[in-house]
Structures are given as structure tokens and as C-alpha cells.
Amino acid sequence: MRRVIRRSAVLFTAALPLLGGCTLDSGTTRDHSTEPPRPNATATVAPGPAMQLADRFRKASGNKDVYGIQRADGPDGVPLLTVWTRNADEDAAPFDRLKVSLTNYLKREENVDLREGYLMDVFGPDGGIQHRLDARP
Numbered sequence: 449m450r451r452v453i454r455r456s457a458v459l460f461t462a463a464l465p466l467l468g469g470c471t472l473d474s475g476t477t478r479d480h481s482t483e484p485p486r487p488n489a490t491a492t493v494a495p496g497p498a499m500q501l502a503d504r505f506r507k508a509s510g511n512k513d514v515y516g517i518q519r520a521d522g523p524d525g526v527p528l529l530t531v532w533t534r535n536a537d538e539d540a541a542p543f544d545r546l547k548v549s550l551t552n553y554l555k556r557e558e559n560v561d562l563r564e565g566y567l568m569d570v571f572g573p574d575g576g577i578q579h580r581l582d583a584r585p
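Count along the sequence shown from 1, add 448, and you get the number used in my numbering.
Dropping the structure here:
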């Protein structure tokens, strides 16, 4: 059983760049080899504080699909944003709208400093990763 799960996880991880709207490393020239890996799957239930931040975001933006937003310090102190969404659409256009709406909200309402960039992982309704963005300069 463990072998099947392990093999499935490896195949799923290998297929992500082909299936998702973003690559696992979105074209930055920075050396990320020393950074710890980020998860490729998460629980479908967002932590309480992430749900509260998502509630505030939904009220401000009208985006009903986002039910969790967690902000943590990523490598070099840039924000690592983890987003849980009910939207199963993995296309680039909805992700781009979410990215702009969320970053504008975080800067304006939550006073998050994004001048040095940010990292964003978006997880879909099944807990699998939909998008991974490295928006550092």
C-alpha cells in the first residue's frame, strides 16, 4: 500500500508542470537549491486563522471560492502565501485574477509588504496543488 501511495505521489509531482497553469519554479533566475521544498498537497480544511483572513478577503473582494489564506515567512523573509480554493479551474486566467485581487488586498488592507516579492501556493478543492508562483525579483 505504501509503495502505491509513494509511486502515486512521485507521478503526481512529476505531472504538475504539465497539468498546472504555472511551473514549479516560475522562471526566476535566483538559486533556490538551498530552500526547503514546499508541499505539493495539503489538507482540504484550512487552519482557523487562514479561514479568518479568507473571510476578510471575501468580504472585500467578492471572491467566494477562496476559503483559506495563510501568510508565513518564506525564504529570505518574503511572504509565503498559501491559498485554499473551492474553484477546481486550473487555467491561467482565473489564477491571474486571484493573484492580482489577493495581492492588492493584502497590500491595501493587511499592510503586507510585497516589495521584495512573494511566493504563492494555491491548493484546489481536493487538496492538490493548482498553482505555484515565485514572484520574487
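A virtual CB, placed ideally from N, CA and C, is assigned to each residue, including glycine. Bear in mind the structure is a predicted one, so any value in this text is a computation, not a measurement.
Check                                                                                                                                                : Outcome
If you measure between the beta carbons of residue 566 and residue 505, is that distance less than 8 Å?                                              : no
How is residue 582 classed by DSSP in three states: helix, strand or coil?                                                                           : strand
Quick one, which of 521, 579, 532 has its alpha-carbon nearest residue 562's?                                                                        : 521
Would you report the Cα separation of residue 496 and residue 556, rounded to the nearest angstrom?                                                  : 22 Å
Would you check if the distance between the CB atom of residue 531 and the CB atom of residue 570 is smaller than 8 Å?                               : yes
The beta strand (DSSP E) that contains residue 531, what's its start and end?                                                                        : 527-533
Please identify the residue among 544, 509, 564, 574 whose C-alpha is closest to the C-alpha of residue 524.                                         : 564
According to DSSP, is residue 516 helix, strand or coil?                                                                                             : strand
Relative to the C-alpha of residue 582, which residue among 542, 528, 534 is closest?                                                                : 528
Let's test the definition: count the other Cβ atoms within 10 Å of the Cβ of residue 548 and tell me whether it reaches 16, buried, or not, exposed. : exposed
In this structure, does DSSP put residue 521 in helix, strand or coil?                                                                               : strand
Using three-state DSSP, classify residue 589 as helix, strand or coil.                                                                               : Outside the modelled stretch of the chain, which goes from 449 to 585, sits residue 589, for which no answer is possible.
Under three-state DSSP, which class holds residue 548?                                                                                               : helix
CB residue 536 to CB residue 572, shorter than 8 Å?                                                                                                  : yes
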